Amino acid sequence: MATSKLAAFVVLAAFLAGPAACEGASICFNGWLRTPRFCPRGSRLNRRQRGASPSGLGLGYGYYNNRRSPSYCPRAEGIVRGAVSEAVAANPGIGAGLIRLFFHDCFVRGCDASVLLTMTNSKNNDTEREGPPNKNSLRGFEVIDTAKRAIEAACPGRVSCADIVAFAARDASYFLSNRRINIRMPGGRYDGRESFANETDQLPGPFSNVTELQASFAAKGLTSDEMVTLSGAHTIGRARCMFFSSRFSEMDPAFAAKLRAQCNGNDNANVNQDDVTPDVLDKQYYRNVIDRKVLFTSDAVLNSTETMRQVRENANRAGAWERKFERAMENMGKIGVKTKADQGAEIRRVCSRVNN
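Per mature numbering (1 follows the signal peptide of the UniProt record, and there is no 0), the sequence shown runs over residues -24 to -1, 1 to 332.
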């Protein structure tokens, strides 16, 4: 199915009171649909099993600082941090976009910058960027491209786009948290050469329930606690009204009334995900979960008995969530990494297209 038709299908199905939306026998954009879903036996949703914990084999801290390595590029991480600092100072929303870009990269084909491609090794242009969860919503590409151009000028052919995405998410977290979050992010990832829109069905969506969220994260080798921890990134950024307007009756009444006024019947209107500290990466999200002041179903369901203990701990213990977020982001950055020895891996010269 062409991406444009698939995207339209997903959006339409999210508003119809009909049966579920699955494409073929293997694709099911489950958490992106408002209505009850049924995914056929054999769909990717029903074939998810717990994956091995990410090993990060081949990665290293300070990877580009080894003078004896052919990857030596001591300015690389500083260049990325400078590009992110400038972008976040101009628009904090770009920082939120960079964190989301990292998440959406790692959850599909591993952390290999496949999310950046517009044309692949197999001449496919129906890439992850065109997938329904990503199309017209991912942000931060220009920051990655700016950093890549500067790094190529300093150290051509040495620093992967995948590492730039990971470093950019680390640095965005640092600046948006007022320097309270400092992630140890290793380097050494290589870039993939393929990317497919239909594989974005692996991404958990705003209508996901707890079981679906846990299954999505477990498939990548991440724990339920890491799922709750990484959900805290919803304390920054903005969201379209179409993804939560069906929940007004389930929210805190005053909060719902404010959102109704902001949306004003326009499903494409955008609002802050966190109404209290919208531009700060902090633990406020968990207080919002407890107080029924969150937007998505996938946020509200963290009030369940399975996850409430972690929510309350993150909300009430000073510094607890920040340290857990640092570890979870580092661990997510180790999912499915490609190294020099892997077939179909390279250091791209331009992040949006494969070499040659």
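Built from N, CA and C at the ideal position, the CB exists for glycine as well. All values derive from a computational prediction rather than experimental measurement.
* Nearest-angstrom Cα separation, counted from lysine 300 out to tyrosine 261 -> Going from the Cα of tyrosine 261 to the Cα of lysine 300 covers about 14 Å.
* Return yes when the Cβ of threonine 96 is within less than 8 Å of the Cβ of valine 326, no when it is not. => Not a contact, by the Cβ cut-off of 8 Å.
* Asked: Roughly how many angstroms separate the alpha carbons of serine 29 and cysteine 217, rounded to a whole number?
  -> Their Cα atoms are separated by approximately 35 Å.
* alpha helix (DSSP H) segment containing asparagine 292, residue limits -> It spans 284 to 292 - the alpha helix (DSSP H) in which asparagine 292 sits, taken as one unbroken run.
* From the DSSP output, in three-state form, read off methionine 203 for me. => Methionine 203: helix per DSSP, three-state reduction.
* Asked: Hey, would you say arginine 26 sits closer than 8 Å to alanine 237, going by beta carbons?
  -> No, the Cβ-Cβ distance between arginine 26 and alanine 237 is not below 8 Å.
* How about valine 64 and phenylalanine 117: do their beta carbons lie closer than 8 Å? -> Against a cut-off of 8 Å, the Cβ pair of phenylalanine 117 and valine 64 comes out as no contact.
* **Own chain residues within Cβ distance below 6 Å of glutamate 322, not counting five before or after** => Contacts found: Asp167 and Asn331.
* To do: Report yes or no: do the region 142 to 156 and the region 179 to 195 share at least 3 C-beta pairs separated by less than 8 Å?
  => Segments in contact, no.
* Asked: What do you reckon, are the CB atoms on isoleucine 75 and serine 149 nearer than 8 Å?
  -> Annotated as proximal: isoleucine 75 and serine 149, with beta-carbon spacing under 8 Å.
* Report yes or no: do the region 306 to 320 and the region 227 to 246 share at least 3 C-beta pairs separated by less than 8 Å? => In short, these stretches do not touch, since the Cβ pair count stays below three.
* **Strand pairing of arginine 214, partner residues [DSSP]** => Looking at the DSSP assignment, arginine 214 forms a beta bridge with Asn248.
* DSSP three-state call for glycine 71: helix, strand or coil? -> Helix at glycine 71.
* Does DSSP put glycine 163 in a helix, in a strand, or in coil? -> Here glycine 163 sits in strand by DSSP.
* Can you give me the start and stop residues for the alpha helix (DSSP H) that phenylalanine 231 sits inside? => Counting along the chain, the alpha helix (DSSP H) containing phenylalanine 231 begins and ends at 229 to 239.
* For glutamate 170, which of helix, strand or coil comes out of DSSP? -> Residue state, collapsed to three classes: coil.
* Where do the ends of the alpha helix (DSSP H) carrying serine 61 lie? -> Counting along the chain, the alpha helix (DSSP H) containing serine 61 begins and ends at 52 to 66.
* Looking only at DSSP bridge pairs, what is glutamate 322 linked to? -> Note: glutamate 322 sits in a beta bridge opposite Asp167.
* Report buried or exposed for leucine 35, applying the criterion of at least 16 other Cβ atoms within 10 angstroms of its Cβ. => So leucine 35 ends up on the buried side.
* Once you ignore the five residues that flank arginine 146 on each side, which residues in its own chain have a CB closer than 6 Å to its CB? -> Same-chain partners within the cutoff: Ile159 and Met161.
* To do: Assign arginine 146 to one of three DSSP states: helix, strand, or coil.
  => In the structure shown, arginine 146 sits in a helix (DSSP, three-state: H, G or I).
* For threonine 176, I'd like the list of residues in its chain whose CB is within less than 7 Å of its CB, leaving aside the five on either flank, ordered along the chain. => Same-chain partners within the cutoff: Val84, Glu104, Gly107, Pro108, Pro109 and Asn110.
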